[in-house]
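Here's the structure, in structure tokens; my notes come after.
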Amino acid sequence: MEENFEDRKIEGKKMNEQIETRIARINTNSCKFVKFVSFIFLSSIFLSFFFLPLLAQGVIMDFKQLRVEFTNSAEATNKATWAESLTITSEGLGWDGESAGVRSGWIETRPLAVGTSWRAPGTVSVRVAVQPAAREITSANGQKSTPDAGDAYVRYSPDKQHWSSWQALQRSQPTNRDDKSARCYEAKVSVPERDRAEYGRLLSEYSTLDVPWKSDEEAAVHWILERDPEFFSKQIPFMGYVEFLFEGSFYGGQRVRSFKAEVWAGMSGLHAIPRDQGVYTNRDSPWRFEGTGK
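Reminder that position 237 of the sequence shown reads as 236 in numbering that gives the first Met the number 0, one-by-one numbering, no gaps.
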């Protein structure tokens, strides 16, 4: 049976509205978040009993977290890059100098895979916490001031090669005890429908072919790129990976100890049932397609 991309798009929007409502209502400490995920998991099991003959329904709730500890040089190097003007010590990322001295700097994370290996989101809600908050400084003339917190950005990619532009996050208040002393940012990020339209049409076309699993978007992407290797140069239709960027003024002796990013996504679970149920095996891992071009 041909899969209707429009139905999936409508369900995906509903799921993201639910995410926004729940994020607004729930204090995101670990205990309540586990309860939230458990509720969604049990709901998905319940919904799975109500199949259409050739289509399975349900919801996919996805949560990913990236945490970079800049007090650990080896870990930080694996998860992020930063401006050459900054150095790492056991105290964190920054530089040693007069407290009123300042250097411009940035931190960029490595790509974080989101969604599942067979379906990637078109909308995500993100939060960033940079520890600690900037401390008050005293200038040479004795005036005291608190430095600006800096700015955070996010971008997305289908293949780790083609990326959207950086999109600014809004500054926000801490939502849990762990982030009380952090600089916090958040945003909802969506792929424009114009950029998803052709991809949706091709997914619907792929679902009419004689293939092992009509809803396998990883396989569909391979099929699309065989026909048009430059497809992702023309549009970026979904979020397989996200990266984060922090820019700000780094004052002498004020080092960043950690960077935390959290990503929520809601996707339609509507999909064609594969001929071989073994196709489902190991497919709940994050998106894994990577481009092979330049």
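The beta carbon of each residue, even a glycine, is placed where N, CA and C say it ideally should be.
| query | result |
| --- | --- |
| CA nearest to the CA of Arg170, picked from Asp158, Asp178 and Ala186 | Ala186 |
| Reference Arg195; option with closest CA among Asp178, Gln234 and Arg176 | Gln234 |
| Under the three-state DSSP convention, the category His161 falls into | coil |
| Rounded Cβ spacing between Leu65 and Thr108 (contact assumed at less than 8 Å) | 6 Å |
| C-beta atoms of Ser309 and Gly251 nearer than 7 Å | There is no way to answer for residue 309, as the model of the chain reaches only from 0 to 293. |
| Contact under 7 Å by Cβ, Tyr205 with Ala219 | yes |
| 7 Å Cβ cutoff met for Leu201 and Ile223 | yes |
| Gln253, buried or exposed, once every other Cβ within 10 Å from all chains shown has been counted against 16 | buried |
| Nearest candidate by alpha-carbon position, reference Gly149, set Asp178, Met266, Gly57 and Arg182 | Arg182 |
| Helix, strand or coil at Phe237 [DSSP, three-state] | coil |
| Whole-number beta carbon distance between Ala264 and Val113, since they are thought to touch under 8 Å | 6 Å |
| Between the CA atoms of His221 and Val127 - distance to the nearest angstrom | 33 Å |
| Residues near Arg299 in its chain [Cβ-Cβ closer than 6 Å; skip 5 each side] | A question about residue 299 goes unanswered here, because the residues of the chain that appear run from 0 up to 293. |
| Test item: CB-CB of Arg102 and Phe258 under 7 Å | no |
| Three-state secondary structure (DSSP) of Ile106 | strand |
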